[in-house]
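To keep things clear, I will list the structure first and then write my remarks on it.
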Amino acid sequence: MLRLYQSSIRCCGHQSLPLACLRYYSSQGSGSGENIAKNVDKTEHIEDEVEPLPLLQRPLGVREPPTTVPKTRKEKLNDMLDQNKRMEHRRHLLKEASKGYFQDLNATRHHGGKTWIAPTVMIRQDKSLYFPNISGTALDGSGKKHTTDLCTGRISVISMLSTKISEIHVAGFTTPTYKRFSTHPLYTQISINLQENLLKSFLVTLFLSSIRREVPEALRPTYLASGQNMEYVREDLGMVNKHVGYVYLVDEMCRVRWAGCADAKVEEAKALEKCTGILLDRLDKGTKPGSVRGIEGGDVPSHQ
Numbered sequence: 002m003l004r005l006y007q008s009s010i011r012c013c014g015h016q017s018l019p020l021a022c023l024r025y026y027s028s029q030g031s032g033s034g035e036n037i038a039k040n041v042d043k044t045e046h047i048e049d050e051v052e053p054l055p056l057l058q059r060p061l062g063v064r065e066p067p068t069t070v071p072k073t074r075k076e077k078l079n080d081m082l083d084q085n086k087r088m089e090h091r092r093h094l095l096k097e098a099s100k101g102y103f104q105d106l107n108a109t110r111h112h113g114g115k116t117w118i119a120p121t122v123m124i125r126q127d128k129s130l131y132f133p134n135i136s137g138t139a140l141d142g143s144g145k146k147h148t149t150d151l152c153t154g155r156i157s158v159i160s161m162l163s164t165k166i167s168e169i170h171v172a173g174f175t176t177p178t179y180k181r182f183s184t185h186p187l188y189t190q191i192s193i194n195l196q197e198n199l200l201k202s203f204l205v206t207l208f209l210s211s212i213r214r215e216v217p218e219a220l221r222p223t224y225l226a227s228g229q230n231m232e233y234v235r236e237d238l239g240m241v242n243k244h245v246g247y248v249y250l251v252d253e254m255c256r257v258r259w260a261g262c263a264d265a266k267v268e269e270a271k272a273l274e275k276c277t278g279i280l281l282d283r284l285d286k287g288t289k290p291g292s293v294r295g296i297e298g299g300d301v302p303s304h305q
C-alpha cells in the first residue's frame, strides 16, 4: 500500500493518483498516446528525485581477519568439500548470471550510482568487520604490497577506484582528511586502482608511468595497481557498482569503521575527517571506545 502511494503523481490540479490510473487521466484531452508517454516520463523523473537514499544499514567487511599468507592446498581442498561454501558459491553464480551486462552502468543514472549515505559516526569496534587483504604493485616501484601490512597498527583511509569518475568520487571524500592528517605519523592514505578485467589490468600496468606523473610523490608508495579478483567480497564491502568510487576508514586492527561511496556530500566528507581524527587520537593515547551502541553515537545497524 505504501508503495502505491509513493508511485502517485499530481496531474491537472487533481489530488495524487496511483500509476494504475495514469492511462485513464492522461488520455483525457487530446486522446493521443504521446500525452501518455510524456506523463510516464515525468512520473519516472519524479520518482527518481523523491526517493531518498538510505543510510548505511550494516557494517561492511568480511568476518575473517585478513592475512598475507596464501591458503595451503589442504585448506583449498577443505573449502571445495565444504557444503555450505559450495552452496554459497552456487547462489553467487546464479545471482551474477541474472545481472545484465550494462546493469552497473544503467544504475549510475539514479543518484549517480550512489547506493547509500555514509554515517556521520563510526561503526563500533565490536560490531565492525575486517577489510580483506588486497595485494598490488606500488606506484613508486617498490614492488608488490599488501593492504594488511600497510594498515596494521595505523589508521588508514582506503580508496577503491577503477574509472576516471571514481577518482573524482574518492577525491571528494579524502581531500579534506588528507590535508589535515597527511603529516600525522600514524595516518596512511591508500589508493587501489582495481582492474579485475585481465586486459584492463594489463593496460594499467603498461601505463603506470603516466599514472605516476599524476599522483603526488608522497602517495605513490601506497598507490597500488591491482588485478585481484574481488567477486566474492564485493557484496560484503558494499561495492555493488564497478563504475563508482568507494572509501573506507580502517582502524589499526584492519576493521572497517566507516565507509562512503560515489559523489561525496559535504557532511559525508566532514564525517570522514572527524572519524579519522577520533581514531588517531585514540591510537595516540592508547584508549578504547566506550560507546554502548552499534554505531558510536548512532543507531544499531541491521545485519544482513
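Residue numbers (the numbering used here): 2 to 305. A virtual CB, placed ideally from N, CA and C, is assigned to each residue, including glycine.
Per DSSP, the beta-bridge partners of Val-158 are Gln-190 and Leu-250.
Among the bridge pairs identified by DSSP, Leu-56 is matched with Ile-118. Around Arg-64, the same chain offers Leu-130 and Tyr-131 as residues with beta carbons nearer than 8 Å, after the five sequence neighbours per side are excluded. Cα atoms of Thr-121 and Lys-75: separation of roughly 44 Å, rounded to the nearest angstrom. For Tyr-233, the secondary structure class from DSSP, reduced to helix, strand or coil, is coil. The three-state reading of DSSP puts His-170 in helix, counting H, G and I together.
For Val-267, the uninterrupted alpha helix (DSSP H) segment begins and ends at 267-286. Within the DSSP secondary-structure output, Tyr-179 pairs in no beta bridge.
Taking each of Arg-235, Leu-187, Lys-128 and Trp-259 in turn and checking the Cα distance to Gly-287, the smallest one comes out for Leu-187.
Straight-line spacing of the CA atoms in His-185 and Gln-229 works out to 30 Å. Assigned with DSSP and collapsed to three states, Gly-137 falls in strand. Under the three-pair Cβ rule at 8 Å, the segment 250-270 counts as touching the segment 52-64.
Residue environment for Leu-61: buried (at least 16 other C-beta atoms within 10 angstroms of its C-beta). Straight-line measurement puts the Cα of Ser-160 at about 5 Å from the Cα of Val-248. The beta carbon of Gly-246 lies closer than 6 Å to those of Leu-162, Ser-167, His-170 and Val-171 in the same chain, with the five residues before and after it left out. Pairing Glu-197 with Ser-227, the inter-Cα distance amounts to about 8 Å. With a beta-carbon spacing of about 7 Å, Thr-68 and Thr-149 fall inside the 8 Å limit used to define contacts.
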